[in-house]
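Report on one structure; see the data block that follows.
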């Protein structure tokens, strides 16, 4: 019985044995294939290049006012220099970058070799040693800009160089949030200025030190270098292209007029036909209060100046004993309607708050129908700024208008003030020892506090320390035509140690305005 059962069971199972073996073989093959696919997936993930900032370096920088036609991909150029103290810059603004720049796939970085045109891929595995001679312009490419690009667009065959780019890019590019472009030092730069001495006819006589006989030109051979990063030079052609169809307005006192004339001259230098740059009312003197507008016909844009030294309204108060001048801390100046709809507004107010009447604050500051018998100037300044801030929050469309406030420009009167024999004559170099710099202006601390409570974004251009170094940049006795005979006449030698020679320090303010627009701007100004 037992034998019969065994035989029958063996006979019964024999027909299914090949099927079992075949099923086991297919199962084993599937497991192996899955393991292979999993290995390939892990290997592919490990070889993927991380997303990093993309550099398009160049051996020769584009001239500050040169056309971008030869390289339309670049919105600006960077001026390469040593970061050491007062070393002379080795950059050349006359040579144009001639190598074509290809669109670069995101996640890659390319060095363009200026000698043979070869592109080198950079990755994050090694240091940047060996790249000291490159001048970098950096860009972050979006996902959309990288779609459809082939691997062959990235790199020349058998030519690769490794470098760490993420940290280096942050150290080099002044457009990054981490970089305070207003914290730095002045370094010698023989390539300055942006426009030749005596070349711009739109500079007020008071600022035209070269025309008035200043014998040296050392004051134009300095460049501002922020600590920890580099900033691009102001490319006038790019500036105008981004300003196309728009209106930029400077609002404030004569120091903002100083800055306005500087920008007009910088931008004008890039225009081939200078007749297509003109003040719309035909005026050539800009010292009187009013509204002035320079039109750049080729770009359908304007750069304007609105004289408003306090930003708030100067007024007259009528009392029983007669009328007297006051400053309405609670009302904006009547000129406000002339710039409200501008695309870019650069405000300032400061120097008129140092005059006798504002400093003393006696029977001068008015709010409503009340004139303060005495009010400290810092308190009055803060109240005026609060009025300005509330107006900006109510009236300025932040989607249309970018607002800047340029900080206090430091003066350098030795031995007295502007009206009491103060001097800065024969100063030919900046302050080199930081211990001689002044304290941060208390009015600017008040400004910072006011801005922090505003709804509208405001870019504070903190140029106080930057200007503090530059005791050499003022007109001094060259505020008008200087003659030796004036040496015996103290009245004739009244010195200007508040404003700045042009070309000169305000050119740097505009350079930083350009960087700030690229850094914080919207629309055409997005870098």
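Numbering (the numbering used here), first residue to last: 689 to 1215.
For every residue, glycine included, the Cβ atom is placed at its ideal position computed from N, Cα and C.
*Which whole-angstrom value describes the C-beta separation of residue 1031 and residue 1095, a residue pair presumed to lie in contact below a C-beta threshold of 8 Å?*
Residue 1031 to residue 1095, Cβ: 22 Å. No contact.
*Using 8 Å as the threshold, is the segment 931-938 in touch with the segment 981-999, meaning 3 or more CB pairs across them?*
Yes, since at least three Cβ pairs between the segment 931-938 and the segment 981-999 fall closer than 8 Å, the two stretches touch.
_Under 8 Å, with one C-beta from each stretch per pair, do the segment 1012-1032 and the segment 914-921 reach the 3-pair mark?_
Short answer: they don't touch.
*asked:* Taking DSSP's pairing of strands, which residues face residue 1033 in a bridge?
replied: 937 and 1091, per the DSSP bridge assignment.
_Threshold first: 3 residues or longer. Then list the beta strand (DSSP E) segments lying entirely within the segment 993-1072, N to C._
Within the segment 993-1072, complete beta strand (DSSP E) segments of at least 3 residues are found at 1000-1007, 1010-1020, 1032-1035 and 1053-1055, given in chain order.
*Can you check DSSP and say which residues form a bridge with residue 1164?*
Bridge partners of residue 1164 according to DSSP: 1184.
*For the candidate residues 721, 870 and 722, whose alpha-carbon lies nearest to that of residue 1152?*
Measuring from the Cα of residue 1152, the nearest candidate turns out to be 870.
*How should residue 1183 be labelled, buried or exposed, when 16 other C-beta atoms within 10 angstroms of its C-beta is the threshold for buried?*
With 16 or more other CB atoms across the displayed protein chains lying within 10 angstroms of its CB, residue 1183 is buried.
*Since residue 876 sits in a beta bridge, which residues does DSSP pair it with?*
Bridge partners of residue 876: 910.
_Nearest-angstrom Cα separation, counted from residue 880 out to residue 1058_ = About 52 Å.
_For residue 974 and residue 1131, what's the separation of their Cα atoms in angstroms?_
Going by the C-alpha atoms only, they are around 27 Å apart.
*By how many angstroms is the C-alpha of residue 1082 removed from the C-alpha of residue 953?*
So the two alpha carbons sit approximately 34 Å from each other.
*Cβ-based burial, residue 1072 [other Cβ within 10 Å; buried from 16]*: The C-beta of residue 1072 has 16 or more other C-beta atoms within 10 Å across all chains shown, which makes the residue buried.
*asked:* So, for residue 1193: in the same chain, excluding its five sequence neighbours on each side, which residues have a beta-carbon less than 7 Å away from its beta-carbon?
replied: If the five residues before and after residue 1193 are omitted, its C-beta is found closer than 7 Å to the C-beta atoms of 1155, 1158 and 1161, all from its own chain and listed in chain order.
_residue 991 versus residue 1119 - alpha carbon distance_ = Computed Cα separation, rounded: 32 Å.
*Quick one: Cα of residue 1067 to Cα of residue 1044, how far?*
Here the alpha carbons of residue 1044 and residue 1067 stand approximately 16 Å from one another.
*CA-CA distance, residue 834 and residue 1213?*
Summary for residue 834: the model assigns pLDDT 35, below 50, so the residue's position carries little reliability; its value from the coordinates is reported in the next sentence. Here the C-alpha atom of residue 834 lies approximately 21 Å from the C-alpha atom of residue 1213.
*Just the C-alpha distance for residue 939 and residue 730, rounded to the nearest angstrom, thanks.*
Each residue's alpha carbon lies about 60 Å from the other.
*Local Cβ density within 10 Å of residue 961, reported as buried at 16 or more and exposed below that*: Exposed.
*Since I believe residue 876 is in contact with residue 910 (beta carbons under 8 Å), could you give me their beta-carbon distance rounded to a whole number of angstroms?*
At roughly 6 Å, the Cβ-Cβ gap stays under 8 Å, so residue 910 and residue 876 are in contact.
*CA nearest to the CA of residue 906, picked from 1141, 1115, 1123 and 720*: The option with the nearest alpha carbon to residue 906 is 1115.
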